[in-house]
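Inspection log for the structure reproduced underneath, given as structure tokens.
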Amino acid sequence: MDEDQLPTKEKVDEDLLKECEKNPGHRKFLSLEQCLNEYELSSNLPEHYRKNVDKFKELIKHQADLTVQIVSGDKVGTGFVQKIDSSEICQCQSCKNSDSSNILKVLQISTAAHVLTEPHPDDQEKPTTTCIFFNDSKDPENIEFDAEKLVKSYESKETIYLKCNICRTDITVRLQNSFERFTELLKTLQYTYRMRKNSEELLVIIVSHPHGGRKRVTIGPRVETNHNNAQYEAATCRGSSGAFPVQIGGLVQNQPSVHVGCIKKGTEMNNKEQRDECINVSDVFIEKKILAKSIYHRCIDNLKRLLSRLLENFQAVGAC
1 MDEDQLPTKE
11 KVDEDLLKEC
21 EKNPGHRKFL
31 SLEQCLNEYE
41 LSSNLPEHYR
51 KNVDKFKELI
61 KHQADLTVQI
71 VSGDKVGTGF
81 VQKIDSSEIC
91 QCQSCKNSDS
101 SNILKVLQIS
111 TAAHVLTEPH
121 PDDQEKPTTT
131 CIFFNDSKDP
141 ENIEFDAEKL
151 VKSYESKETI
161 YLKCNICRTD
171 ITVRLQNSFE
181 RFTELLKTLQ
191 YTYRMRKNSE
201 ELLVIIVSHP
211 HGGRKRVTIG
221 PRVETNHNNA
231 QYEAATCRGS
241 SGAFPVQIGG
251 LVQNQPSVHV
261 GCIKKGTEMN
271 NKEQRDECIN
281 VSDVFIEKKI
291 LAKSIYHRCI
301 DNLKRLLSRL
311 LENFQAVGAC
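Residue numbers (the UniProt record's numbering): 1 to 320.
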């Protein structure tokens, strides 16, 4: 099942989760409420990550706040707030009529290119793209804002940015606080588990809108990483395209990225039958300065380990 075959907004229904062919029953998809319960979250984390379950719980909470549902034409996908900039005084009618105008915040939201409905040459109007915030629970807030495509200088063809203008301070303050805390926690956890090397020890956490429904969280191992993409087994479905795969463990060089789909591999079962195994893939839109910084920190870590071993050897020789 290709995930660029996105669900349409007319078909959004929680029953689709149970009928899903790719992930029957969606047993690997956790609700946000489950992830905010430390006992349930801990049971879904690898053992060596459980001692920091409180940090993972908070990380997922803020990751969910920054995850948005995207409706473009008749397609439904997922996006993630990557940047929040201040702009000029808002000139919308609501602000003009109020006693004090708000500062307009410009959100840059990453998503997969195939999430957007491209205008047909015969169409008089281009399809509208909407970002829906906080569609988290059975009684979602569903705050909607229009968005437009941004032209960026990244080389990737699979990743795009949307621009969303928001002047409601209750939303922008919440997003800004979540963005700052999420960034802080992500750096802390990545540093804590940077020495993990085995694939079963490398973690990926995804918050997305499978089948256009409310947010779900999936957790799984990262099986391969290179400069072009990351491959992982955290479950995804149609509607997950554009989600931000949070990577913990090892030396992460390809943040940020977006989920773009899956690749299928034939695997031999015990009964000699063949089945399709889907490995999820993220696309990378990394700037050179980010890569250079990552390589710099990697070199520093290697140098520290080398100096530590040299010091140990020197002390051992002195003891003799």
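Even for Gly, the Cβ is constructed at its ideal location relative to N, Cα and C. On a predicted model such as this, the values are computed, not experimentally measured, just so you know.
| Check | Outcome |
| --- | --- |
| So which of Ile279, Glu19 and Leu32 has the shortest CA-CA distance to aspartate 136? | Leu32 |
| Which residues in the same chain have their Cβ closer than 7 Å to the Cβ of lysine 126, if we skip the five residues on either side of it in sequence? | Pro119 |
| Can you give me the start and stop residues for the alpha helix (DSSP H) that aspartate 146 sits inside? | No alpha helix (DSSP H) contains aspartate 146, which is instead part of the beta strand (DSSP E) from 143 to 150. |
| Consult DSSP for arginine 222 and reduce its assignment to one of helix, strand or coil. | strand |
| Helix, strand or coil for glutamate 118 per DSSP? | coil |
| Starting from asparagine 177, trace the beta strand (DSSP E) both ways and give me its first and last residue. | No beta strand (DSSP E) holds asparagine 177; the alpha helix (DSSP H) holding it covers 169 to 192. |
| Looking at the secondary structure, which residues open and close the beta strand (DSSP E) in which asparagine 229 lies? | 229 to 232 |
| Assign serine 87 to one of three DSSP states: helix, strand, or coil. | strand |
| Look up serine 137 in the DSSP assignment and say whether it is helix, strand or coil. | coil |
| How should aspartate 85 be labelled, buried or exposed, when 16 other C-beta atoms within 10 angstroms of its C-beta is the threshold for buried? | exposed |
| Using only CA atoms, which one of Ser282, Gly79 and Thr225 lies nearest to lysine 163? | Gly79 |
| What's the gap between the Cα of glycine 250 and the Cα of isoleucine 143? | 37 Å |
| Could you spell out the range, first to last residue, of the alpha helix (DSSP H) harbouring alanine 64? | 53 to 66 |
| Terminal residues of the continuous beta strand (DSSP E) containing serine 42? | Segment 38 to 43 is the alpha helix (DSSP H) holding serine 42; no beta strand (DSSP E) there. |
| Assign serine 98 to buried or exposed, taking buried as 16 or more other Cβ atoms, counted over all protein chains shown, within 10 Å of its Cβ. | exposed |
| Just to confirm the assignment, what range does the beta strand (DSSP E) spanning asparagine 165 have? | 159 to 166 |
| Which residue from Thr67, Ile103 and Lys55 puts its Cα closest to that of aspartate 170? | Ile103 |
| Nearest by alpha-carbon distance to glutamate 47: which of Ala243, Arg214 and Leu203 is it? | Leu203 |
| Check whether the stretch 220 to 238 and the stretch 182 to 196 are in contact - that is, three or more C-beta pairs closer than 8 Å. | no |
| Residue 362 to glutamine 34, Cα distance in whole Å? | Any question about residue 362 goes unanswered here, given that the chain covers just 1 to 320. |
| For leucine 311, verify whether its CB is less than 7 Å away from any heavy atom of the ligand MN. | In terms of ligand content, the structure shown is empty, and the ligand MN therefore cannot be addressed. |
| On a Cα-Cα basis, can you pick out the residue from Cys237, Pro221, Arg196 and Asn198 that is closest to lysine 215? | Cys237 |
| Looking at serine 110 and phenylalanine 244, is the spacing between their C-beta atoms short of 8 Å? | yes |
| I'd like to check one pair, valine 106 with serine 87: are the Cβ atoms closer than 8 Å? | yes |
| Could you check what DSSP says for alanine 243 in three-state terms: helix, strand or coil? | coil |
| Taking the alpha helix (DSSP H) that leucine 32 falls in, what are its first and last residues? | 32 to 35 |
| Beta carbon of threonine 117, beta carbon of glycine 77: below 8 Å? | no |
| Using only the alpha-carbon positions, how far apart do alanine 113 and alanine 316 sit? | 58 Å |
| Is it true that the CB of valine 246 sits closer than 8 Å to the CB of isoleucine 205? | yes |
| Measure the CB-CB distance between glutamine 82 and glutamine 108 and report whether it falls below 8 Å. | yes |
| Give me the Cα-Cα distance between valine 115 and valine 223, rounded to the nearest whole angstrom. | 25 Å |
| Using a 10 Å radius around the Cβ and a threshold of 16 neighbouring Cβ atoms, would you call glycine 25 buried or exposed? | exposed |
| With distance defined between alpha-carbon atoms, name the residue in Val217, Phe134 and Thr128 nearest to arginine 27. | Val217 |
| From Phe133, Ile219, Asn198 and Ser42, pick the residue whose C-alpha is nearest to that of glycine 212; which is it? | Phe133 |
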